[in-house]
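Engineer: For the first sequence, numbering that gives the first Met the number 0 gives the first residue as 0, with consecutive numbering after it. Before I ask anything, let me first share the structure, which is written out below as structure tokens.
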Amino acid sequence: MNPMRVSRLMLVTLRDDPAEAEIPSHKLLLRAGYIRRVSSGIYAYLPLLWRVLQKISAIVREELNATGALETLLPQLQPADLWQRSGRWAGYTAGEGIMFHLQDRQGRELGLGPTHEEVITALAADLLRSYRQLPVNLYQIQTKFRDEIRPRFGLMRGREFIMKDAYSFHADEASLKETYAAMDRAYRRIFSRCGLRAVAVEADSGAIGGSASQEFMVTADAGEDLILTSADGSYAANQERAVSLAPAAVVLPGGARAAGHGETLATPSQTSIEDLCTAHGFDPTQMLKVLLLLARFEDGSQQPLLVSLRGDQQLNEVKLTNAVTARCSGQHGALLELAPLSVDAVAKEGLDPLPFGFMGPHLEDALVAGARSWPPRFLRFADTTAAELEAFVCGANRVDAHLVGATWDSLCACPETLDLRAAQPGDRCQHDPDQVLVASRGIEVGHIFQLGRKYSEALQATFTNEAGVEEALWMGCYGIGVSRLAQSAVEQHHDAHGICWPTAIAPYEAIVVMANVADASQKDLGEQIYADLQAAGIEVLLDDRDERAGVKFKDADLLGIPWRVVVGRGAAAGQVELVQRAGGVKQDLPADALKAVLVGAIEAERAGLPAV
RNA sequence: CGGGGCGUGGCGCAGCUUGGUAGCGCGGGUGCUUUGGGAGCACUAGGUCGCAGGUUCGAAUCCUGUCGCCCCGACCA
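Now the structure itself:
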């Protein structure tokens, strides 16, 4: 129950927006006294927020326990050798690495857990021996540490944050998929029970690895991710993953010229697609653009890339990263960086300058053959839209000239063709060309992965199958940013006056405000209602401060308690006012009718939104 | 790490260009009045101007260095 009087709450609210905050939810959590910054990306969760976090955690526990998952608690201090065995120690500690690490008094290296695949997989290797024990799913709710390159927006991207992470182990892929689907369903229930509008989107699995992965996004304008959704709701993806149909290309008048080698066109200083189209009346879809990039790998090696795209399309770097990783990471380790090839980098390799702005897909390997440290050839890719062009305009590989009416094969063989373009809002959908992708912004609050056997193989986590053969475990992992979820709830539920918590995760369900504590009838009735509501099972806060009514109303709005009971002028006649925070609807009613009204309303709201 | 900006009582800011012994609003304390939407009046406490050097008779102000914080990019729950 934990009833509470505001006078005892250590409540400090701020009238002005703190200078450190940018987005509404961050400002409001600071102003309403929910959090305090201790250092960059490190926050104290004050008592009111801790109640919110515990309510979210309780919902998460209920839903995961209902799937048969087991709650556990793993160490945050993790030995380096565990991470060396999975091959992630160097990547996570050196350079851009995200893991805080230290040495103990013996000089042994330790890391502060940014995630727990290593620890849990080592435990699985120790404890899971037979297919008879499978599947199992373990989860924990605890603080994670990540030395973020740039912490920001309060709890949205902290260096220390609360996460629920779960790891499942299976005898085969079918079992993994079953648990993955069960977690998908549990996640949808968790977010809707928390009162959040969330959408599940296809996602890139990034550094965690594995095959399928899906993110859960709380829709909000301040979200860091761009989501593309079809109007019928059957397709939704993070832009870094999204696929779509590109607009049809406008056929190049005259088609192929000079037997597909193209006619030379003088294009002085016309280095951009836009310049060329303006000067010569081309359509961007008739152009072929060539991007040069440089990939840098874990082993220190570098590889120049040549990517062909249709002129109207944008490169999706995540797709390219995945393509390069698939080709090269076996030999060179993880891809650390993908950056546009600079004039300086070319010069540093001792090469002649490249015709930037006038390059065609037939740019010869000979141009990089003499490089000091690069391999003597480009790694070449073409996006599907570029590969499908019959005849196109492209750079002539010398300054101030382009080719018109060139074709693949005549110019050069079309390189490996992949989907490398960024899907855009307005693009037609692959599943139904009559549907169009629509953009919205989202905050990633959950992510589920089918990891496969990446970690179990690295850490020799095996079991004996039905046939008596040793086999690597199949794994899934499933995360929810608990503290981030709390802040995204504020981002989604606030107005000009403050927070409007969904009842299911509000720190208190109701606040009783005695307008004037010097008035004995108000004070007596307020105390009585406070006691009655507690007895009725409502989590209630009593604002007993000797402040003017206006101050208490402002604070109640800022705090965002879903229901406010005002005991004021009508107290002597037994009348009170009931105000719903979201929407601000007010009603006057007799004090003895209050309990029934409030209990009914709050019981309905505790369930959150209808499940999706 | 690259680019941009900011550090002045608890919070939000002015003062800095043109050096001369620190100010405003909010907040805190005391008293009186007020009491349904961040009250009024009076009194009061609280800052070696992020830190370290330097220039100067004199530095919040000019110079150098350094630390911290915020915003834009790569990363992610």
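Built from N, CA and C at the ideal position, the CB exists for glycine as well.
Give the DSSP-derived three-state secondary structure of V345 in the structure shown.
Structural biologist: Helix at V345.
Engineer: Does the count of Cβ pairs from the region 421-440 and the region 220-235 closer than 8 Å reach three?
Structural biologist: yes
Engineer: Quick test of your reading: H361 and C411, contact by CB under 8 Å. State the CB separation rounded to the nearest angstrom.
Structural biologist: 4 Å
Engineer: Please state whether DSSP places T383 in a helix, a strand or coil.
Structural biologist: helix
Engineer: With distance defined between alpha-carbon atoms, name the residue in T263, A245, P432 and L419 nearest to T320.
Structural biologist: L419
Engineer: Comparing alpha-carbon positions, which option in V512, R563, I504 and D591 lies nearest I58?
Structural biologist: I504
Engineer: Does DSSP put N315 in a helix, a strand or coil?
Structural biologist: coil
Engineer: What residue range is occupied by the uninterrupted beta strand (DSSP E) comprising Y507?
Structural biologist: Taken as a continuous stretch (DSSP letters only), Y507 belongs to no beta strand (DSSP E), as it is neither H nor E.
Engineer: Classify G254 as helix, strand or coil using the three-state DSSP reduction.
Structural biologist: coil
Engineer: Is it true that the CB of T463 sits closer than 8 Å to the CB of L472?
Structural biologist: no
Engineer: Out of F380, Y454, V342 and L558, point me to the one whose CA is closest to V489's CA.
Structural biologist: That would be L558, whose Cα lies nearest to the Cα of V489.
Engineer: Using the C-alpha atoms, what's the distance from R563 back to L195?
Structural biologist: Approximately 22 Å between the Cα atoms of the pair.
Engineer: State the CB to CB distance for the pair G356 and L27, rounded to an integer number of angstroms; the pair is presumed to be in contact (CB under 8 Å).
Structural biologist: Rounded to whole angstroms, the Cβ separation of G356 and L27 is 48 Å, and the two are not in contact under 8 Å.
Engineer: Would you mind sorting K630 into buried or exposed? The rule is 16 or more other CB atoms within 10 Å of its CB.
Structural biologist: Any question about residue 630 goes unanswered here, given that the chain covers just 0 to 611.
Engineer: For G32, which three-state DSSP category applies?
Structural biologist: coil
Engineer: For G110, does the three-state DSSP call read helix, strand or coil?
Structural biologist: Assignment of G110 by DSSP, reduced to helix, strand and coil, places it in the strand class.
Engineer: Are the CB atoms of D382 and L417 nearer to each other than 8 Å?
Structural biologist: yes
Engineer: Report the CB separation of V249 from D274 in whole angstroms; it is logged as a contact under 8 Å.
Structural biologist: Contact between V249 and D274 is absent: CB atoms are separated by about 18 Å, not below the 8 Å threshold.
Engineer: Please confirm if the region 89-99 is in contact with the region 123-131, defined as three or more CB-CB distances below 8 Å between the two stretches.
Structural biologist: no
Engineer: Going by alpha carbons, who is nearest to D554 out of H25, R30, M3 and L291?
Structural biologist: R30
Engineer: Classify E389 as buried or exposed, calling it buried when 16 or more other Cβ atoms lie within 10 Å of its own Cβ.
Structural biologist: With fewer than 16 other beta carbons inside 10 angstroms of its own, E389 counts as exposed.
Engineer: I'd like the list of long-range same chain contacts for S409, defined as Cβ closer than 7 Å, with 5 residues on each side in sequence excluded.
Structural biologist: A258, G259 and H260
Engineer: I believe L436 touches L227 by the beta-carbon criterion, under 8 Å. Please report the beta-carbon distance rounded to the nearest angstrom.
Structural biologist: 4 Å
Engineer: Take the Cβ of P113 as the centre, count every other Cβ of all protein chains shown within 10 Å, and call the residue buried at 16 or more, exposed below.
Structural biologist: buried
Engineer: I need the straight-line Cα distance from A121 to L458, nearest angstrom please.
Structural biologist: 7 Å
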